[in-house]
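Student: Numbering (my numbering), first residue to last: 422 to 840.
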Ligand SMILES: NC(=O)c1ccc[n+]([C@@H]2O[C@H](COP(=O)([O-])OP(=O)(O)OC[C@H]3O[C@@H](n4cnc5c(N)ncnc54)[C@H](O)[C@@H]3O)[C@@H](O)[C@H]2O)c1
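1) Residue 671: which of 474, 732 and 654 sits nearest, CA to CA?
2) On the CB-based measure, 16 or more other CB atoms within 10 Å of its CB, does residue 502 come out buried or exposed?
3) Pull up the DSSP beta-bridge partners for residue 535, would you.
4) By a C-beta neighbour count over all protein chains shown, 10 Å radius and 16 as the cutoff for buried, is residue 825 buried or exposed?
5) Is it buried or exposed for residue 673, if we count other Cβ within 10 angstroms and need 16 for buried?
6) Measuring CA to CA, which of 469, 557 and 715 is closest to residue 875?
7) Can the beta-carbon of residue 522 be found closer than 8 Å to that of residue 570?
8) Mapping DSSP to helix, strand and coil, what is residue 837?
9) Can you find at least 3 beta carbon pairs, one from the segment 483–495 and one from the segment 445–452, that sit closer than 8 Å?
10) Quick one, are the C-beta atoms of residue 478 and residue 457 less than 8 Å apart?
11) For residue 444 and residue 585, I'd like the C-alpha separation in whole angstroms.
12) For residue 453, is the beta carbon positioned less than 7 Å from some heavy atom of ligand 1?
13) Only counting the same chain, and skipping five residues up and downstream in sequence, which positions put a Cβ closer than 6 Å to that of residue 683?
14) Using 8 Å as the cut-off, can you tell me whether the segment 686–696 makes contact with the segment 656–670, which would need three or more C-beta pairs spanning the two stretches below that distance?
15) DSSP state of residue 605, grouped into three classes?
16) May I ask you to report which of helix, strand or coil DSSP gives residue 843?
17) Ignoring anything shorter than 4 residues or poking outside the segment 655–725, list the alpha helix (DSSP H) runs there in chain order.
18) Which one of 544, 441 and 778 has the shortest CA to CA distance from residue 422?
19) If you draw a straight line from the alpha carbon of residue 793 to that of residue 641, how long is it in whole angstroms?
20) Name the two residues that bound the continuous beta strand (DSSP E) containing residue 776.
21) With a threshold of 7 Å (Cβ to nearest heavy atom), would residue 439 be considered close to ligand 1?
22) In the DSSP assignment, find the beta strand (DSSP E) that holds residue 592 and state where it starts and stops.
23) Counting pairs of beta carbons, one from the segment 697–712 and one from the segment 627–645, are three or more of them closer than 8 Å?
24) Distance, Cα to Cα, residue 626 vs residue 542?
25) So the candidates are 562, 515, 580 and 535; which of them puts its Cα closest to the Cα of residue 549?
26) Looking at the structure shown, is residue 442 part of a helix, part of a strand, or coil, going by DSSP?
27) When we look at the beta-carbon of residue 555 and count the other beta-carbons within 10 Å, is it buried (16 or more) or exposed?
28) Check the C-beta distance from residue 493 over to residue 528 and give it rounded, since I have them as a contact under 8 Å.
29) Which runs of the beta strand (DSSP E) fall wholly inside the segment 452–525 and span at least 3 residues, in chain order?
30) Starting from residue 614 and walking both ways along the beta strand (DSSP E), at which residues does that stretch end?
31) What distance in whole Å lies between the Cβ atoms of residue 677 and residue 581, which are believed to be in contact at a cut-off of 8 Å?
32) Does the Cβ of residue 623 lie closer than 7 Å to at least one heavy atom of ligand 1?
33) Around the Cβ of residue 734, are there at least 16 other Cβ atoms within 10 angstroms (buried) or fewer (exposed)?
34) Pull up the distance between the alpha-carbon of residue 461 and that of residue 798, whole angstroms please.
35) Could you check whether the segment 782–793 touches the segment 716–724, counting it as contact only if at least three pairs of C-beta atoms, one from each stretch, sit closer than 8 Å?
36) Please confirm whether any heavy atom of ligand 1 lies closer than 7 Å to the CB of residue 689.
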């Protein structure tokens, strides 16, 4: 039976490991954080998208978790899903990738397939990962096989999971690609072979840059549409009826999470470092999307002003403070700069989020409210930031609250104003 070790048991590595285990592969989830590994081995999931029941099923069908790297010596396949946060200077911090690769290099047996999935700039697999994995004793493409396969998981949505999201693979040699494609083909419905590792790395950054740039496009358009009294939301609905050549993106309070606002800068950082010039589309998208939270604050001030109120002293309720709907992740959430600015202007800020119980912003604790609809009715203004599925937007409208809908989830009119 094939022995797979998945290094890093977070948002990406855990679902991947459990999906492979489902198909009869013997899977060890290795995590350098002993508390994470111990909890998983005891059946406690720390990832919102993986329930304890799903984990229990995995534990019953060939999945184990450990913080002991000894498992790497036995592995036929190793998949690396460790974090690549934003490092100094705009590129990824590759510390965890290097540590994982060094560990593999020290323990790997000949014949093993080693796949990097962590998001990074094109060239990382060849220049950083492979040299550490093969050390002096193995030859890539002959005695060890190295590939990159981008992770496309989308936390919080349930339609496209590991099995039915096509997997792109690119090896350092054609044999590396072939082996990686064959392996993923055992538990993923569709596998796409890239020309090489660099193309697979680039594919991931293209996907996220595409998203970043298109969100920036509508976030810029929404400003002048408002000034010109054009309903951009309606225009997007109309444009979306074109059956080809258009993909709808809608404005919002800003981009968040640790992928969309971060990954494109890995590419611009690489271009700058290698070639000395700028990737201008990414820089512009960053400028526009970074300014989106301030634009929300400006519009909030306008709304209060219309009612002869100032931000200073206004009771403002923020609804949904995570970076996107239906997740508990606060990383890079636009709610953070929005709350920070509102506090600086003297607002009395409250929040509700079904996924967040405690929220500290700029060194201050923002108080949660238990009943969002009752709190909405008592607030001077409600700012809807993320339309979590649990929100009853009709009840919010019926509460009589003044709502500034920054995400276009409510029907505008009366006391409901859209971005
Ligand atoms: N979360 C997403 O939505 C998403 C989507 C696509 C791509 N990615 C990329 O996938 C990678 C992993 O992201 P994530 O969200 O799963 O991170 P995460 O922080 O949820 O999990 C990473 C896990 O790796 C462990 N770890 C750190 N260093 C390690 C090491 N050297 N050896 C073994 N374990 C180690 C950590 O303890 C942690 O449990 C990143 O490169 C990220 O950019 C994430």
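Heads up, the beta-carbon is just placed ideally off N, CA and C, and yes, glycines get one too.
Keep in mind it's a predicted model, so treat the numbers as computed, not measured.
Tutor: Answer, in terms of the structure:
1) Looking up residue 671 in the chain shown gives position 250. Cα-wise, what sits closest to residue 671 is 654.
2) The residue given as residue 502 occupies position 81 in the chain shown. Residue 502 comes out buried.
3) Taking the chain shown and counting its residues from 1, one reaches residue 535 at position 114. Paired residues: 499 and 567.
4) Translated into the one-based positions of the chain shown, residue 825 becomes position 404. The residue in question, residue 825, is buried, as its Cβ has 16 or more Cβ neighbours within 10 Å.
5) Taking the first residue of the chain shown as 1, we reach residue 673 at position 252. Burial is judged here by how many other beta carbons sit within 10 angstroms of a residue's own beta carbon; residue 673 has at least 16 and is buried.
6) This structure does not reach residue 875, given that the chain is present from 422 up to 840, and the question cannot be answered.
7) Translated into positions along the chain shown, residue 522 becomes position 101. Translated into positions along the chain shown, residue 570 becomes position 149. Not in contact: residue 522 and residue 570 (Cβ atoms no closer than 8 Å).
8) In the chain shown, the residue the question calls residue 837 occupies position 416. Strand, per DSSP.
9) In short, these stretches touch, since the Cβ pair count reaches three.
10) Sequence index remark: in the chain shown, residue 478 carries index 57 (1-based). Sequence index remark: in the chain shown, residue 457 carries index 36 (1-based). It is not a contact, given that the beta carbons lie outside the stated cut-off.
11) Reading the chain shown from its first residue, position 23 is the one you call residue 444. Reading the chain shown from its first residue, position 164 is the one you call residue 585. About 14 Å.
12) The count along the chain shown starts at 1 and reaches residue 453 at position 32. Distances taken from the Cβ of residue 453 to the heavy atoms of ligand 1 include one shorter than 7 Å.
13) Here the question's residue 683 lines up with position 262 in the chain shown. Within its own chain, the residues whose Cβ lies closer than 6 Å to the Cβ of residue 683, once the five positions on either side in sequence are excluded, are 507, listed in chain order.
14) Three or more Cβ pairs closer than 8 Å define a contact, and the segment 686–696 falls short of that threshold against the segment 656–670.
15) By one-based count along the chain shown, residue 605 stands at place 184. Shown here, residue 605 sits in a helix according to DSSP, grouped into three states.
16) The question about residue 843 has no answer here: the residues shown for the chain are numbered 422 through 840.
17) The qualifying runs are 684–696.
18) Stepping through the chain shown from its first residue, residue 422 is reached at position 1. For residue 422, the nearest C-alpha among the options comes from 441.
19) As a working note, residue 793 is residue 372 in the chain shown. As a working note, residue 641 is residue 220 in the chain shown. Approximately 30 Å, taken between the alpha carbons.
20) To locate residue 776, count along the chain shown from 1; it is residue 355. It is not in any beta strand (DSSP E) - residue 776 carries neither H nor E in the DSSP assignment.
21) Position 18 of the chain shown, counted from the first residue, corresponds to residue 439. False, no ligand heavy atom lies under 7 Å from that Cβ.
22) Here residue 592 is taken as the residue at index 171 of the chain shown, counted from 1. Residues 588–592.
23) Taking a cut-off of 8 Å for Cβ pairs, the segment 697–712 and the segment 627–645 touch, as three or more such pairs fall below it.
24) As a working mapping, residue 626 is identified with position 205 in the chain shown. As a working mapping, residue 542 is identified with position 121 in the chain shown. When only Cα atoms are considered, residue 626 and residue 542 end up about 8 Å apart.
25) For the purposes of this step, residue 549 is taken as residue 128 along the chain shown, with counting starting at 1. Comparing Cα-Cα distances from residue 549 to each of 562, 515, 580 and 535, the minimum goes to 515.
26) Along the chain shown, read from residue 1 onward, the residue named residue 442 stands at position 21. Looking at residue 442 - three-state DSSP - the assignment turns out to be helix.
27) Here residue 555 refers to the residue found at position 134 of the chain shown. It is buried - the Cβ of residue 555 has at least 16 other Cβ atoms within 10 Å.
28) Translated into positions along the chain shown, residue 493 becomes position 72. Translated into positions along the chain shown, residue 528 becomes position 107. Contact between residue 493 and residue 528 holds: their C-beta atoms lie close to 4 Å from each other, under 8 Å.
29) The qualifying runs are 484–487 and 498–501.
30) For the purposes of this step, residue 614 is taken as residue 193 along the chain shown, with counting starting at 1. Here the beta strand (DSSP E) through residue 614 covers 612–614.
31) Residue numbering aside, residue 581 sits at position 160 when the chain shown is read from its first letter. Residue numbering aside, residue 677 sits at position 256 when the chain shown is read from its first letter. Your pair residue 581 and residue 677 does not check out as a contact, with CB atoms roughly 20 Å apart and the cut at 8 Å.
32) The residue labelled residue 623 in the question sits at position 202 within the chain shown. No, the beta carbon of residue 623 sits no closer than 7 Å to any heavy atom of ligand 1.
33) Taking the first residue of the chain shown as 1, we reach residue 734 at position 313. By the 16-neighbour rule on beta-carbons within 10 angstroms, residue 734 is exposed.
34) On the chain shown, residue 461 is found 40 positions in, with the first residue counted as 1. On the chain shown, residue 798 is found 377 positions in, with the first residue counted as 1. Distance between the alpha carbons of residue 461 and residue 798 is about 42 Å.
35) They do not touch, by the three-pair rule.
36) Start at 1 with the first residue of the chain shown, and residue 689 comes out as number 268. No, the beta carbon of residue 689 sits no closer than 7 Å to any heavy atom of ligand 1.
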